[in-house]
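Participant: Below you will find the structure I want to go over with you.
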Amino acid sequence: LILLQALKMDEAEARLGTQQIPEASEALFSTIDIILLTLLVGGVAWWFLNKQKKKDVATTGRSYSIQPTSMSLQTSSDSSFIKKLKTSGRSLVVFYGSQTGTGEEFAGRLAKEGVRYHMKGMVADPEECDMEELVNLKSIPNSLAVFCLATYGEGDPTDNAMEFYEWLQNGDADLSGLNYAVFGLGNKTYEHYNQVAIYVDKRLEELGATRVFDLGLGDDDANIEDDFITWKDKFWPAVCEHFGIESTGEDVSMRQYRLQEYKDEAPGKLYTGEMARLNSLENQRPPFDAKNPFLSKIKVNRELHKGNERSCMHIEFDIEGSKMRYDAGDHLAVYPINDSELVEKIGKYTNTDLNTIFTLINTDEESSKKHPFPCPTTYRTALTHYLDITMNPRTHVLKELSEYCSDNAEKEKLKLMSSTSPEGKLLYQQWIISDNRNIVHILEDMPSCKPALDHLCELLPRLQPRYYSISSSPKLYPNTVHITAVVVEYTTPTGRRNKGVATTWLATKHPQPDQDPPTAPIFIRKSQFRLPTKTQTPIIMVGPGTGLAPFRGFIQERNQAKEEGKAVGETVLYFGCRKKAEDFIYEEELLEYEKSGALTLHLAFSRDQAHKIYVSHLLQQNADEIWRIVGENNGHLYICGDAKSMAPDVRNIVMKVIQDKGQMSEQQASAYLKKMETQKRYSADVWS
1 LILLQALKMD
11 EAEARLGTQQ
21 IPEASEALFS
31 TIDIILLTLL
41 VGGVAWWFLN
51 KQKKKDVATT
61 GRSYSIQPTS
71 MSLQTSSDSS
81 FIKKLKTSGR
91 SLVVFYGSQT
101 GTGEEFAGRL
111 AKEGVRYHMK
121 GMVADPEECD
131 MEELVNLKSI
141 PNSLAVFCLA
151 TYGEGDPTDN
161 AMEFYEWLQN
171 GDADLSGLNY
181 AVFGLGNKTY
191 EHYNQVAIYV
201 DKRLEELGAT
211 RVFDLGLGDD
221 DANIEDDFIT
231 WKDKFWPAVC
241 EHFGIESTGE
251 DVSMRQYRLQ
261 EYKDEAPGKL
271 YTGEMARLNS
281 LENQRPPFDA
291 KNPFLSKIKV
301 NRELHKGNER
311 SCMHIEFDIE
321 GSKMRYDAGD
331 HLAVYPINDS
341 ELVEKIGKYT
351 NTDLNTIFTL
361 INTDEESSKK
371 HPFPCPTTYR
381 TALTHYLDIT
391 MNPRTHVLKE
401 LSEYCSDNAE
411 KEKLKLMSST
421 SPEGKLLYQQ
431 WIISDNRNIV
441 HILEDMPSCK
451 PALDHLCELL
461 PRLQPRYYSI
471 SSSPKLYPNT
481 VHITAVVVEY
491 TTPTGRRNKG
501 VATTWLATKH
511 PQPDQDPPTA
521 PIFIRKSQFR
531 LPTKTQTPII
541 MVGPGTGLAP
551 FRGFIQERNQ
561 AKEEGKAVGE
571 TVLYFGCRKK
581 AEDFIYEEEL
591 LEYEKSGALT
601 LHLAFSRDQA
611 HKIYVSHLLQ
621 QNADEIWRIV
631 GENNGHLYIC
641 GDAKSMAPDV
651 RNIVMKVIQD
661 KGQMSEQQAS
671 AYLKKMETQK
681 RYSADVWS
């Protein structure tokens, strides 16, 4: 268009020029006319060619439409799960939305069991699939789509399910003929319990799909493994009834991966702890994220507690030159490594040389996941960097372990715990969950169990990054990220000493003079936990213990704005700990802010007097302050810390204040609080 406009302008100017040429000119076309005509024809031809190129690019690229039935889609074979199902003779596809790996694990178990019911299954990541193809799944006879979906954050879908979730929300596809079932993974201590699964289950039905079995809801705060197997054992009979099929009755014990060991010669490449790209920790290049973490230097690691057995670390990570940016309230993810002592024990109990190089190769050639973790690598690297060896193993792991027991009593005990019988569930709850046994403890307590280590590597879940609320503001610290972390260590009912994977590892990383600083792989995870955009908006922060972490960044930011002469609203902090003399973290900083008038401080030291005082007691005493800030001045209220008891207690107190001081009914107060949440005026960053 710009070219045509330019041609028109040139043409107009040319016409003005030709008016000055004597009319006696004998030529039919002047030289200028011929030049202009050539330019015009060439320009139009260029425009049409360019338009056609764009059209070609648009039709060959992958696109998402609001109404997939209204247009024909050309999808690549990589994203077409329908093509993969058809070429491999499958009718069951299990999609997962997983942030920590549990949803993916459950999906794998369902897909594997499908063989028992004449339904060959495939696990699929919705992020790697063209989910609009769901409208065509009915073209495969007796087909079924199952969704194992976790709810994350404030009722959000996981990263890999976000695009699918938004497609369901915004689209209006005709899903008639689609058979489906949904299992949700959530945690009842959070307000938006299993919100994603509940929505997807309802929305699929609204779009015309057929629910084959009722929505299942797993609660990670109780026993999500029990919830899953209870749902699964009712799900399969419902599937059989719906499709008119019967179980083969065969026990499914198929390996998902085949082993290749390198005995004589080393492979061309060897992973040593990288998340995805080979040598990515040595040859660093941005952008940095979960698959490409930044190897940060630890500049500071100091103790915050004073004179007690518990340890709380203040750690500063150097991010200069990384191009990573953060805001106060974001999270820092740290990739830890497992305790070498536990790693060596697994090598010992499985009679394996941990330096052996191996690869696990997916037997399903259609799967986009070729290996369970970066391969080839050594058993030592896999157990150190890639596998979670400290969590309580799930029942399907126990079932596989039972096959490696030479002692019949041990074999039967493992088989019982992996069963769905009431006795088996009770024993699993007691022996595994309550006694807090990990895979090392099981191998110690069942000496006849000698599993093949490659099989164990297939069964154990991936070691996940640990997330910490950032306790600094980029306004003050643009080149460092601070975290505040309590070192986890406790004694189990069996008398063993269990240690937190990440905090135990970080506790060893102290910078020393004249030595290279210790390092850790990190990345930033964005959060919705944000200060108000206007500094004059008043805020209340409730953060006992390490719940103080994000508020340290908030206070730093508000104080700087005040020092710059900006109008800053009330900044109120409710902080609590056990004893003022022992675990009042950042005491000097907070008291200095209070002294300068930048902060109003309410402190609860639960064990410094005969009767325990918590932040909830102080909140009840200060109802007028809460209402003045939240009700009269449209302030923001933030909560950070324990999701199980503290966060619900605070919510109930705020509800009561809104009722009493705002002269509202319980229903009106609840609606008021919901509106605050919608407006991001009531925010929680909590964990259980």
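Reminder that position 192 of the sequence shown reads as 192 in full-length UniProt numbering, one-by-one numbering, no gaps. We put the CB at the ideal spot given by N, CA and C, even for glycine. Bear in mind the structure is a predicted one, so any value in this text is a computation, not a measurement.
(1) Which word fits residue 689, buried or exposed, when buried means at least 16 other C-beta atoms lie within 10 angstroms of its C-beta?
(2) Tell me the residue span of the alpha helix (DSSP H) that contains TRP431.
(3) Given a cut-off of 8 angstroms on the beta-carbon distance, is the pair VAL123 and LEU149 in contact?
(4) According to DSSP, simplified to helix, strand and coil, what is SER616?
(5) Given this structure, state the Cα-to-Cα distance separating VAL395 from SER418, to the nearest angstrom.
(6) With C-beta atoms as the reference, is ILE298 less than 8 angstroms away from PHE317?
(7) Hey, out of GLU246, LYS348, GLU570, whose CA is closest to HIS441's CA?
(8) Given ARG109, which residues of its chain have a CB within under 6 angstroms of its CB, disregarding the five upstream and five downstream residues?
(9) If you count every other CB in all the chains shown that lies within 10 Å of the CB of PRO478, and 16 or more means buried, which is it?
(10) By how many angstroms is the C-alpha of ILE140 removed from the C-alpha of GLY177?
(11) Quick one: residues in its chain with C-beta nearer than 8 angstroms to the C-beta of THR504, no 5 flanking neighbours on either side, listed in chain order?
(12) Classify MET254: buried if its beta carbon has 16 or more other beta carbons within 10 angstroms, exposed otherwise.
(13) Could you say if the region 540-552 and the region 635-650 meet the contact criterion of at least three C-beta pairs nearer than 8 angstroms?
(14) Which of the three DSSP states is assigned to CYS148 in this structure?
(15) Are the region 441-457 and the region 389-409 touching by the rule of at least three beta carbon pairs closer than 8 angstroms?
(16) To the nearest whole angstrom, what separates the beta carbons of ALA549 and CYS640, a pair I think is in contact under 8 angstroms?
(17) Where does TYR190 fall in DSSP's three states?
(18) So, helix, strand or coil for HIS371, using DSSP?
(19) The alpha helix (DSSP H) that contains LYS399, what's its start and end?
(20) Does DSSP put GLN260 in a helix, a strand or coil?
(21) For a minimum of 3 consecutive residues, which ranges assigned as the beta strand (DSSP E) are wholly contained in the region 508-548?
(22) Can you tell me which residues form a DSSP beta bridge with ALA604?
(23) Under the three-state reduction of DSSP, which class applies to SER340: helix, strand or coil?
(24) Label GLN556 either buried or exposed according to how many other C-beta atoms from any shown protein chain fall within 10 Å of its C-beta, with 16 as the threshold for buried.
(25) Does DSSP classify VAL239 as helix, strand or coil?
(26) In chain order, what residues of the same chain lie with their CB nearer than 7 angstroms to the CB of HIS331, ignoring the 5 residues before and after it?
(27) Note the first and the last residue of the continuous beta strand (DSSP E) segment covering LEU457.
(28) ASP388 and LEU460 - do their beta-carbons sit closer together than 8 angstroms?
Facilitator: So, to answer that:
(1) The requested residue 689 does not occur in the structure, where the chain is confined to residues 1 to 688.
(2) For TRP431, there is no enclosing alpha helix (DSSP H), as DSSP marks it with neither H nor E.
(3) In terms of Cβ geometry, VAL123 and LEU149 do not form a close pair [threshold 8 angstroms].
(4) Correct three-state label for SER616: helix.
(5) Note on identity: in this sequence residue 395 is Thr, with Val being the wrong assignment. Each residue's CA atom was taken as its position, placing THR395 and SER418 some 4 angstroms apart.
(6) In contact: ILE298 and PHE317 (Cβ atoms closer than 8 angstroms).
(7) For HIS441, the closest of GLU246, LYS348, GLU570 by C-alpha to C-alpha distance is LYS348.
(8) Hits under 6 angstroms: HIS396.
(9) Burial call: exposed.
(10) Distance between the alpha carbons of GLY177 and ILE140 is about 10 angstroms.
(11) Contacts found: ASP339, VAL487, VAL488, GLU489.
(12) A residue is called buried once 16 or more other Cβ atoms fall within 10 Å of its Cβ, and MET254, having fewer, is exposed.
(13) Contact between the region 540-552 and the region 635-650 is established, with three or more Cβ pairs separated by less than 8 angstroms.
(14) Note: CYS148 maps to strand in three-state DSSP.
(15) Yes, the region 441-457 touches the region 389-409.
(16) Contact holds; Cβ gap of about 7 angstroms.
(17) For TYR190, the three-state secondary structure derived from DSSP is coil.
(18) DSSP places HIS371 in coil when its eight states are reduced to three.
(19) Note, LYS399: alpha helix (DSSP H), 395-402.
(20) Three-state DSSP puts GLN260 in a strand.
(21) Listed in chain order, the complete beta strand (DSSP E) runs (minimum 3 residues) inside the region 508-548 are 519-525, 539-542.
(22) Per DSSP, GLY576.
(23) The DSSP-derived three-state label of SER340 is helix.
(24) It counts as buried.
(25) VAL239 sits in a helix when the DSSP states are folded into three classes.
(26) Non-local C-beta neighbours of HIS331 in its own chain, meaning closer than 7 angstroms and more than five positions away in sequence, comprise TYR467, TYR468, SER469, ILE470, ARG525, SER527, ordered along the chain.
(27) The sequence given here has Cys at residue 457, not Leu. Careful: CYS457 lies outside any beta strand (DSSP E), inside the alpha helix (DSSP H) at 453-459.
(28) Yes, the pair counts as a contact, with Cβ atoms nearer than the cut-off.
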